[in-house]
Amino acid sequence: MSKTALITGSTSGIGYTIAVAFAQAGYNIMFHGLEENGTKLAGEVTEKYKVKTDFSNANLMHPEEIEKLIKATLEKFDTVDVLINNAGIQYVSPVEEFPLEKWNSIIAVNLTAAFIASKAVWAGMKKNGFGRIINISSVHGLRASEFKSAYVSAKHGIIGLTKVLGLEGAGSNITCNAICPGYVKTPLVEGQIRDQSKAHGLSEEEVVQKVMLKKQAVKEFIPEEKIAELALFLAAENSSAITGSSYTLDGGWTSQ
Ligand code: NAD
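What follows is the structure, encoded as structure tokens:
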């Protein structure tokens, strides 16, 4: 029987690429995100890969909507075999001007939502004797950059959550791992390139080479497909011994 993967924030960027790769591998997919074309994207994937899909636009800022998202997924597919906590937001500002509401939203979406979703799928995974939780952290889960106090805190936090769930899932064949990418050219990063270009008076290409990729030894964006391949590997039945770990895909950033 086909397994089911729920990928938060899968109507854009990295999450969408992961969802397509999992569909291609035969997983049924619960799409999720705030983009308006979610139903259309899910339909296209069903058509192309002949798997079951559905879509939810639950707002991860609201705990009760996250619980509804898990309930809807269970109603449609019976199980959530793989949960990928991918949805994320960013805000960049010096700490003394960082708005508290931006801090709260980033912690809610990038960290608390992963806790609530993992908690809600846990009993089902335990009952099935199988579960894979994959958290999309960031190189900023392991290293800091200026002006990203909330994002860096949330991404470090999710690595802590990953370790704890890894320990608690041992014995029930539930694993939890994190992926820590460097820069990936998605809508989230395209917005940052535009903002930084204005802020520093640099061309967008200069921002990419001189600011963004400065800390990566490999001066190229990380391909989204590579993140999807790693997620598929971590989701596999025979990856059961890999748990509580964080995997970098950062072009050598954290080697320095
Ligand atoms: P993206 O902006 O393309 O996609 C983010 C997704 O999250 C969208 O589908 C959006 O609708 C969803 N989302 C945001 N807020 C939400 C909310 N309140 N409720 C429900 N859904 C919400 O971003 P991306 O670059 O693909 O990022 C995906 C993940 O990868 C994030 O966690 C991000 O921090 C992480 N990441 C990205 C990069 C990068 O360079 N792009 C690097 C490292 C880690």
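Using this note's numbering, read the sequence shown as starting at 54 and increasing by one per residue. Quick reminder that beta carbons are idealized off the backbone N, C-alpha and C, glycines included. Keep in mind it's a predicted model, so treat the numbers as computed, not measured.
Item	Value
Straight-line gap, V73 to M178 (C-alpha atoms, nearest Å)	23 Å
Proximity of I189 and S171 at Cβ, strictly below 7 Å	no
Same chain only: Cβ atoms within 7 Å of Q249, ignoring 5 sequence neighbours per side	V260, V264
Stretch-stretch touch, CB-based, cutoff 8 Å, three pairs: the segment 99-107 with the segment 270-286	no
Pairwise C-alpha distance: T70 and T239	11 Å
Cα-Cα separation, E257 to R247	7 Å
Proximity of K208 and G194 at Cβ, strictly below 7 Å	yes
For Y204 and Q309, the rounded distance between their alpha carbons	21 Å
Per DSSP, the bridge partner or partners of T57	N81
Segments assigned beta strand (DSSP E), at least 3 residues, entirely inside the segment 148-228	184-189
Beta carbon of G222 nearer than 7 Å to that of C233	no
G86 beta carbon near the ligand NAD (any heavy atom closer than 6 Å)	yes
Extent of the continuous alpha helix (DSSP H) to which Y102 belongs	91-102
Close beta carbons around A111, own chain, < 7 Å, minus the five adjacent residues each side	H85, E118, I119, K121, L122
Outcome for N90 when other beta-carbon atoms lying within 10 angstroms are tallied against a minimum of 16	exposed
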